[in-house]
Amino acid sequence: MSEVLRLENVTMQFGGVVAVNDLSLHVNQGEIVALIGPNGAGKTTAFNVITGVYTPTNGAIYFNGDLIVSNHPQGNMKKLYQGENRDKFPTVKVQTPDAITRLGVARTFQNIRLFKDLTVFENVLIAKHMRAKAGIFSATLRLNAKEEQAMRKETQNLLEILGLQDLSQEISGSLPYGQQRRLEIARALATNPSLLLLDEPAAGMNPQETDELTAFIRQIKDDYHLTVFMIEHHMDLVMEISDRIYVLDFGQTIAEGDPEEIQNNPRVIEAYLGVQEDA
Amino acid sequence: MSLTTILQHCLTGISLGGAYALIAIGYTMVYGILRLINFAHGEIFMMAGYFMIFSMASIPWFISVPLVTAATIILGVAIERAAYKPLRTAPRMSIMISAIGVSYLLQNLATYLFTAIPKGYPEIPFLKKIFRIGDLSASLVTFLTPVLTIILVFLLMQLINHTKVGMAMRAVSKDFETSRLMGIKIDTIISITFVIGSALAAIGSILYFTDRMSVTPFSGTLPGLKCFVAAVFGGIGSIPGAVVGGFVIGVVETLLVAMGYSTFSDAFTFLLLIVMLLFRPTGLFGEKSTDKV
Amino acid sequence: MKKSTKYVCSLAVAVIAVALLFALDANKTGAGMLISILQKSAILAVVAVSMNLLNGFTGLFSLGQAGFMSIGAYITAILTIPVKNLDGVYYMSGIAPWLRALKEGMEASPSWLQAIYPFLAMIVGALVAAGFAALIGIPVLRLKSDYLAIATLGFSEIIRAIFSSPQMDQITNGSYGLNKVPTFPSVFGLPSLFTPFIVAAVSIALLVLLINSTYGRAFKAIREDEIAAEAMGINLFRHKEWSFVISSFFTAIAGGLLAMFMRSIEAKTFSITLTYDILLIVVIGGLGSVTGSVLSAFIVTASKEWWLRFFDQPLIIGGWQVPLFRTGFRMVIFSLLLMIVVLFYRQGLMGNKEFTWDGLARFFRKLGKKPAQAKGGAEG
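One line per chain: the protein sequences are A, B and C, in this order.
Residues 1 to 279 in the numbering used here are what the first sequence spells out, letter by letter.
Residues 1001 to 1293 in the numbering used here are what the second sequence spells out, letter by letter.
Residues 2001 to 2380 in the numbering used here are what the third sequence spells out, letter by letter.
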């Protein structure tokens, strides 16, 4: 099994606050891996580091074996840095989020970020823009008609496959919550990713919707040969769907394993599942 | 240029800077709380100039000054209530456009009421008295402005750091929503901010126009923008920063004019702004903030 | 509505517009004011649509329009003032020798080339403005909303200071400004009256094509949510830069038209107030609506220069002079109207929708059904 994603000693520190601390993990080809942990454990920050929204303070990230991000404490951070392994990553490599998306990493957001005033169709079509070969002048003068046609066709197909074709002319901000989540996933898929990062896809869903989502994630994973890495709080979903689970607390991994191992891990029960019992 | 001339210009510059500092505080406080460039602030300052002209026509200066300050405060708070409060939940661009709209309205209103012809600014006799220190000579207002500025800023800092209202203001500028949840009356705090900003603009206006002798409906635009730059330079939201920014811009502008680059003195201010935004966007004393994704 | 009906409607509007222009051309002296209002509106429409590309479609709040217009205007004016007028124009400090030589060379060229010089001058102006935009865009476009606004405004003021500085006397005639700029040249043998409309129509058409292209969609994505746009693989900087450069290009084209329209320009013309005027046109038309900006450019210009003129005249009814009506009142009314739009009809005329015949038909149907309710505001 080949590795799709690998994080090595990734630390993200904001001023004096360490959000992610020396995090190392890997995700294999074709796996569904979950990242769980209490609120504020640094899960979303980890996603933001992987997708290039934040530059890590220290550490390296590999995608399909290639180094995509690497950094070590610089400037002010030299003094402030509280983590370890500061000399392990001499190379500095920083990429903007769009470049990382173009490599084949797509994501959704915890608090849905659709292009709210645009239609469902446009939302997905925009994801096709980055593959457009036409320059701005030929696009303006409509010399790219063929390509534009192809983009629209692909978008149409994707919407049909995901069962969103009836909503295609609706304004995305006016969709019901569950549909917005689904559209966000559709939009991420439209970028032709090989790795899909889902940030709390089941947040705010009832049990029935969660079941549908479980099936949906499985379906797209198989249809598009995806590797899925997701943050989730719904334990039923996590335990049912994941091949492996990482548990994060205070920015550090406290456990790793398959669902059964995690459920029986005393540290996890203490840090995380213990809270669940009260709820 | 002889040393005396340079010192003379520096003195004029510091005096101009003091007036700028007082106006810049209005920008920095409003921005700190509402995240809004109050484009109308320069026009409030201009209107204060006209208030003084009309008040001094029949009333002695020592009654005029508090009267003008009160009128300016009413104008400032009224603008906030009418033009900014209804847009509190609107996108930031809308409030900014509203601020530009108010500034446009005040300019046109002033042109209509007072015509575009410059109106002479009344003299407060004792402010114009010439003082000499060694070779330097200047009117009292030149000496008074920086001193008065420092005193007012000191009082303001006491208010902000050691009173309940001040604490509420600091809380609102840190986090609007949370302070609301904590039971702080946001609208009252915003009004107080405008009261302070407008009062300082009124005093700044008296000091500024006494030296310049005339007011037009457009007298507020450029000083207004320069004072905003002063606020950015010092670090938006920081009152000492605004004061330092005001003095720096006042002195450099005066020196540039003295060296014969008067057309570039305005451009310099903006150049300073751009350089600052590029290399230290948080300004001299500003705090860094990160956006949450 | 059927597609063919819509075609007929659009065609009819175009024919009426052209016929109107011919009629105006035949009656130049009588309709002088109307012609000048329509021409000014067309020029401002180009700036408004360009500004909308930035503010309404890309979500970049830029206030540098006056600066870019002045680049276009000055370059067009300098390049088109006839050599025989140069001494009269630069009566204070004379013209720079290299510039005179360049202009003499231009006038010595074949006549077909000379016929297109005014257009070349406009394009050169626009290219310079675009290049300048590209340069300042590198630092400025990284700034967040209101800082971007104040920084672009700052650049606009710097440009103005440079143009009016004594050091530029031999090129821009410093603070005296330039005059004796020739009026619009004619195109395709049509009367010169048509030129600003043709240039405006072509510019706006190109902008519309851009907005509806895949790049235009990317701009809209950036407007809606920068972080999501980046996650869709859209390079923020490159797209913002394109939007800024193209907007500046067409703003400068409009500046060139304005120089030919006004026949004389000075640095004062391009102050912050001009940018504000254009922003107000965009806001009244609706941020994110091209047709809104165009309609608004015509309506605002006509009201300012014509329909609301009567507010500036003393009004006497039955021997009693109505108070308030005197010089300047028109602008007060106008700014109040603007504040009403900003506060209560934030969508402006069109919101972010475009004019369509269907929309118009729906509007009238609604008007017919519930006349009382539909009066409230316009609907796109």
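Backbone N, C-alpha and C define an ideal beta-carbon position, used for all residues, glycine too.
Could you check which residue in the options has the C-alpha nearest to that of residue i?
i: residue 1011 of chain B; options: B:1117, B:1139, B:1083 and B:1090; result: B:1139
i: residue 2333 of chain C; options: B:1109, B:1254 and B:1171; result: B:1109
i: residue 198 of chain A; options: A:207, A:221, A:176 and A:206; result: A:221
i: residue 84 of chain A; options: A:59, A:140 and A:41; result: A:59
i: residue 2275 of chain C; options: C:2109, C:2153, C:2355 and C:2084; result: C:2153
i: residue 67 of chain A; options: A:200, A:77 and A:3; result: A:3
i: residue 2068 of chain C; options: C:2231, C:2126, C:2356 and C:2316; result: C:2126
i: residue 49 of chain A; options: A:153, A:180 and A:107; result: A:107
i: residue 79 of chain A; options: A:16, A:218 and A:239; result: A:16
i: residue 109 of chain A; options: A:144, A:52, A:201 and A:94; result: A:201
i: residue 218 of chain A; options: A:55, A:207 and A:238; result: A:238
With distances taken between CB atoms, is the gap from residue i to residue j smaller than 8 angstroms?
i: residue 1234 of chain B; j: residue 1285 of chain B; result: yes
i: residue 1026 of chain B; j: residue 1200 of chain B; result: yes
i: residue 155 of chain A; j: residue 128 of chain A; result: yes
i: residue 2249 of chain C; j: residue 2130 of chain C; result: yes
i: residue 1212 of chain B; j: residue 1121 of chain B; result: yes
i: residue 1246 of chain B; j: residue 1145 of chain B; result: no
i: residue 2352 of chain C; j: residue 2263 of chain C; result: no
i: residue 35 of chain A; j: residue 246 of chain A; result: yes
i: residue 23 of chain A; j: residue 227 of chain A; result: no
i: residue 1237 of chain B; j: residue 1031 of chain B; result: yes
i: residue 2070 of chain C; j: residue 2255 of chain C; result: yes
i: residue 159 of chain A; j: residue 115 of chain A; result: no
i: residue 51 of chain A; j: residue 100 of chain A; result: yes
Helix or strand or just coil, what does DSSP make of residue i?
i: residue 1292 of chain B; result: Per-residue confidence for residue 1292 of chain B stands at a pLDDT of 49, beneath the threshold of 50, marking its modelled position as unreliable; the derived number appears in the next sentence. If DSSP states are grouped into helix, strand and coil, residue 1292 of chain B belongs with coil.
i: residue 1110 of chain B; result: helix
i: residue 228 of chain A; result: strand
i: residue 2379 of chain C; result: Low local confidence applies: a pLDDT of 40 at residue 2379 of chain C is under 50, so the model's placement there is unreliable, and no value is given.
i: residue 2278 of chain C; result: helix
i: residue 1164 of chain B; result: helix
i: residue 279 of chain A; result: In this predicted model, residue 279 of chain A has a pLDDT of only 40, less than 50, meaning its place in the structure is not dependable; the value taken from the coordinates is given anyway. The answer is coil: DSSP assigns residue 279 of chain A none of H, G, I, E or B.
i: residue 1120 of chain B; result: strand
i: residue 1231 of chain B; result: helix
i: residue 2382 of chain C; result: Missing from the structure shown is residue 2382 of chain C; chain C here goes from 2001 to 2380 and no further.
i: residue 92 of chain A; result: coil
i: residue 69 of chain A; result: strand
i: residue 1281 of chain B; result: coil
i: residue 119 of chain A; result: strand
Where do the N-terminal and C-terminal ends of the alpha helix (DSSP H) with residue i fall, by residue?
i: residue 52 of chain A; result: Residue 52 of chain A -> no alpha helix (DSSP H), and no H or E assigned at all.
i: residue 1061 of chain B; result: 1061-1079
i: residue 98 of chain A; result: 97-103
i: residue 2034 of chain C; result: 2032-2052
i: residue 199 of chain A; result: Looking at the DSSP string, residue 199 of chain A is not in any alpha helix (DSSP H); the run it does join, the beta strand (DSSP E), is 195-199.
i: residue 2078 of chain C; result: 2065-2080
i: residue 1020 of chain B; result: 1003-1034
i: residue 322 of chain A; result: There is no way to answer for residue 322 of chain A, as the model of chain A reaches only from 1 to 279.
i: residue 1248 of chain B; result: 1239-1258
Since residue i is in the beta strand (DSSP E), which residue starts that stretch and which ends it?
i: residue 2332 of chain C; result: Premise fails: residue 2332 of chain C lies in the alpha helix (DSSP H), 2329-2344, not in any beta strand (DSSP E).
i: residue 257 of chain A; result: 252-257
i: residue 65 of chain A; result: Unbroken run through residue 65 of chain A: none, as it is neither H nor E.
i: residue 2320 of chain C; result: 2320-2322
i: residue 28 of chain A; result: 17-28
i: residue 9 of chain A; result: 3-14
Contact list for the region 2241-2254 of chain C against chain A, Cβ threshold 9 angstroms: Taken in chain order, the members of the region 2241-2254 of chain C whose beta-carbon sits within less than 9 angstroms of a beta-carbon on chain A are 2242 and 2246.
Short-range partners of chain B found in the region 2138-2159 of chain C, where Cβ spacing is below 8 angstroms: 2139, 2140, 2143, 2145, 2146, 2147, 2149, 2150, 2151, 2153, 2154, 2155, 2157 and 2158
Within 7 angstroms of chain C by C-beta, residues of the region 1133-1163 of chain B in sequence order: Cβ proximity to chain C below 7 angstroms picks out nothing from the region 1133-1163 of chain B.
The region 1058-1085 of chain B: positions lying closer than 9 angstroms to chain C by Cβ: 1082 and 1083
Residues within the region 1261-1274 of chain B neighbouring chain C, beta-carbon criterion of under 7 angstroms: 1263, 1264, 1266, 1267, 1270, 1271, 1273 and 1274
Contacting positions in the region 1105-1116 of chain B - beta carbon closer than 7 angstroms to chain C: So the list reads 1105, 1108, 1109, 1111 and 1112, given in the order they occur along the chain.
Contact set between the region 2332-2349 of chain C and chain B, restricted to residues whose Cβ is under 8 angstroms from the partner: 2332, 2334, 2335, 2336, 2338, 2339, 2342, 2343 and 2346
Within 9 angstroms of chain A by C-beta, residues of the region 2064-2098 of chain C in sequence order: none
Positions along the region 1236-1251 of chain B whose CB lies within less than 8 angstroms of some CB in chain C: none
Positions along the region 87-121 of chain A whose CB lies within less than 8 angstroms of some CB in chain C: Within the region 87-121 of chain A, the qualifying residues are 96, 97, 98, 99, 101, 102, 106, 107, 109, 113, 114, 115, 116, 117 and 118.
Contacting positions in the region 7-32 of chain A - beta carbon closer than 9 angstroms to chain C: none
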